[in-house]
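To start, the structure itself, in structure tokens.
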Amino acid sequence: MFIIREIRITGITRLKVNIETGDIENIRNECARTYKVNKSKVKFVYDEKDDI
17 MFIIREIRIT GITRLKVNIE TGDIENIRNE CARTYKVNKS KVKFVYDEKD DI
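The numbering of the sequence shown is the working numbering, which starts it at 17 and goes up by one.
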């Protein structure tokens, strides 16, 4: 499980968020589609959360 703190679209924007997800690639795909950029331009600042 991941807690995304910031989404960085290289050369476009930085978004402060608080998203908890198990599928980080799905979020990357959605961001790339929304901002019309390659997936390689989408970076995250995140923490890993241990599932108990």
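Ideal placement from N, C-alpha and C gives every residue a C-beta, glycine not left out.
Can you give the Cα-Cα distance for Arg24 and Glu36, rounded to whole angstroms?
-> Approximately 16 Å between the Cα atoms of the pair.
Does DSSP put Lys32 in a helix, a strand or coil?
-> Strand at Lys32.
If you compare alpha carbons, which of Val58, Asn42, Arg49, Arg44 is closest to Gly1?
-> As shown, the chain starts at 17 and ends at 68. That puts residue 1 outside it, with no answer to give.
Kindly identify the DSSP beta-bridge partner or partners of Glu64.
-> For Glu64, the beta-bridge partners assigned by DSSP are Phe18.
Among Arg49, Asn34, Ile40, nearest to Met17 - alpha-carbon criterion = It is Ile40 whose Cα lies nearest to the Cα of Met17.
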